[in-house]
Amino acid sequence: YKGTLDDNDKQQIVAVKVFNLLRHGASKSFMAECEALRNIKHRNLVEIITACSSVDFHGNDFKALVYKYMDRGSLEEWLHPPTDFEDVREAPESLNLDQRLEIAIDVACALNYLHNHCEIPIVHCDLKPSNVLLDNEMTGHVSDFGLARFLSQETGINVSNGHTSSIGIKGT
Numbered sequence: 014y015k016g017t018l019d020d021n022d023k024q025q026i027v028a029v030k031v032f033n034l035l036r037h038g039a040s041k042s043f044m045a046e047c048e049a050l051r052n053i054k055h056r057n058l059v060e061i062i063t064a065c066s067s068v069d070f071h072g073n074d075f076k077a078l079v080y081k082y083m084d085r086g087s088l089e090e091w092l093h094p095p096t097d098f099e100d101v102r103e104a105p106e107s108l109n110l111d112q113r114l115e116i117a118i119d120v121a122c123a124l125n126y127l128h129n130h131c132e133i134p135i136v137h138c139d140l141k142p143s144n145v146l147l148d149n150e151m152t153g154h155v156s157d158f159g160l161a162r163f164l165s166q167e168t169g170i171n172v173s174n175g176h177t178s179s180i181g182i183k184g185t
């Protein structure tokens, strides 16, 4: 969802990811995403503003994450735009080669940070164009850490020597 936060006469546009807790694994996904994003900050990772774990007005559990809004949408929308536009002027422009390379470098920088510069290395496990969000300057930001895994905790692999293996890690 797209929303706004009021902060002393200043409104900030945000993206709100509400978890459907009736879906199998949604609560686990919320916890994984909170854990992954809690101690990491990088210019090419989506910026989390806050998390909400509460009870809604029906008495049901409610979990949501609030992110900085990315003006240009997902990479998926740019690579595979819908073709059902009534007017050609509505269709989004396409990415040129330089933009594609810059976005690929942004994603590579984010993955390098997650794999090699976090206290406990993190594997995203769900990297795809719909999980790369673009800001107003077309900078790529990796998002959706619901399937993220912490290497040394999840696998028992010793990562102190700087060498790791993906054995035992599921994902795409």
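FYI, in the working numbering the residues of the sequence shown are 14 to 185.
C-beta: ideal position from N, C-alpha, C; glycine also.
Residues of its chain near residue i, where Cβ-Cβ distance is below 7 Å and the 5 sequence neighbours each way are ignored
| i | result |
| --- | --- |
| residue 89 | 142 and 143 |
| residue 148 | 83, 84, 85 and 154 |
| residue 68 | 74 and 75 |
8 Å CB neighbourhood of residue i in its chain, flanking five on each side removed
| i | result |
| --- | --- |
| residue 160 | 42, 45, 137, 138, 139 and 184 |
| residue 92 | 108 and 142 |
Assigned exposure category for residue i - 16 Cβ within 10 Å defines buried
| i | result |
| --- | --- |
| residue 162 | buried |
| residue 84 | exposed |
| residue 15 | exposed |
| residue 118 | exposed |
| residue 109 | exposed |
| residue 70 | exposed |
DSSP state of residue i mapped onto helix, strand, coil
| i | result |
| --- | --- |
| residue 186 | This structure does not reach residue 186, given that the chain is present from 14 up to 185, and the question cannot be answered. |
| residue 174 | Bear in mind that a pLDDT of 47 at residue 174, under 50, signals an unreliable position, so the number given afterwards is only what the model happens to contain. Coil, per DSSP. |
| residue 35 | coil |
| residue 70 | coil |
| residue 131 | coil |
| residue 41 | helix |
| residue 111 | helix |
| residue 87 | strand |
Cβ neighbours of residue i in the same chain (closer than 6 Å, five flanking residues each side left out)
| i | result |
| --- | --- |
| residue 32 | 39, 43 and 76 |
| residue 74 | 34 |
| residue 127 | 135 |
Presumed contact (8 Å Cβ cut-off) between residue i and residue j, rounded CB distance
| i | j | result |
| --- | --- | --- |
| residue 62 | residue 81 | 6 Å |
| residue 59 | residue 156 | 4 Å |
(request) Evaluate contact between the segment 14-30 and the segment 122-130, counting only Cβ atoms and requiring at least three cross-stretch pairs below 8 Å. (result) no
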